[in-house]
Amino acid sequence: MRRKLAAGNWKMNGTGAALSELEALAKGHPAPAVDILICPPATLLNRAAQALSGASIAVGGQDCHADASGAHTGDISAGMLKDAGATAVILGHSERREDHGERNEDVRAKARAAMDAGLTAVICVGESLAQREAANTLDIIGGQLSGSIPDQSTGENLVVAYEPIWAIGTGKVPTLEQIGEVHDFIRARLERRFGAGVGRSVRLLYGGSVKPDNAAGIFGVPNVDGALVGGASLKAADFAPIIAALE
Ligand code: PEP
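For the record, in the sequence shown the residue sitting at position 79 is 332 according to the working numbering, with numbers rising by one throughout.
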């Protein structure tokens with residue numbers, strides 16, 4: 254049985270004042286029936302972990318370097334994220350792929366480092382609008398899965414997030430049939446590569462304009478085990494109803 258997961262990606266948003274949102278979230282969810290993960294900017298990670306100590310809400314990073322340490326100015330290693338209190342890290346988000354030129358092999362190296370450090374890698378995949386309109390969605394996703402996911406993956410150290418690029422921050426959401434098609438495809442690919450045991454235990458999140466008013470419908474789609482939420486994870490008042498829809 255896969256435990257549901259509601260994950261929030263704060264991206265480059267939030268200073269110390271935003272920690273009050275985490276406190277409100279924790280207060281409203283003393284014993285959640287699902288896993289909750291918040292990925293704040295790196296500057297807030299340790300303070301977020303401290304603000305949530307004793308709460309059932311985990312914190313994670315938004316990226317890590319593939320090396321454990323060294324001359325990489327501005328970068329952060331997986332071990333450093335773990336030391337700051339993270340249990341997971343988002344990798345291969347389309348904004349990292351676009352803004353920083355991350356390729357599948359970069360994502361895979363980072364995911365290996367994350368898993369070696371004891372973190373869960375939340376690996377993002379997703380097609381652009383042009384790729385969807387050219388009927389290339391499954392080819393693109395298949396390539397991202399085989400290129401980005403390391404061999405050492407298990408149901409504990411891997412989560413896959415399907416995030417169509419055209420749905421991120423746009424208010425546009427694929428139909429439930431489109432979400433279901435991609436999630437079924439990802440599940441089948443994971444089972445084929447890792448066997449039924451591991452393949453069925455990896456949690457699959459949908460991400461892209463998930464909001465309180467569309468979450469329940471999306472969570473009703475088979476093989477959707479939760480969501481990776483951007484904008485609507487910034488305020489406890491918006492994220493709480495999404496968590497409730499998953500519970
Ligand atoms: C995201 O960036 O991971 C995301 C899903 O953003 P939003 O929910 O704002 O579309």
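Note that CB positions come from ideal geometry on N, CA and C, so glycine has one too. The structure presented is a predicted model; accordingly, all values stated were derived computationally and were not measured.
- Is S322 helix, strand or coil when you go by DSSP? coil
- Message: What would DSSP say about T296, mapped onto helix, strand or coil?
- Response: helix
- Message: Measuring alpha carbon to alpha carbon, tell me which residue in A493, S306 and E276 is nearest A469.
- Response: A493
- Query: Just how far apart, CA to CA, sit L411 and A277?
  - Reply: 28 Å
- Bridge-paired residues (DSSP) for G460: L481
- C-beta contact flag for V482 and I495 at 8 Å: yes
- Query: For K264, is the beta carbon positioned less than 7 Å from some heavy atom of the ligand PEP?
  - Reply: yes
- Query: What is the DSSP secondary structure of V451, counted as helix, strand or coil?
  - Reply: helix
- Query: Pick from A284, I310, K257 and M254: whose alpha carbon is nearest that of L272?
  - Reply: I310
- Query: Going by beta carbon distance, what residues of the same chain come within less than 7 Å of G424, once the five residues before and after it are set aside?
  - Reply: S462
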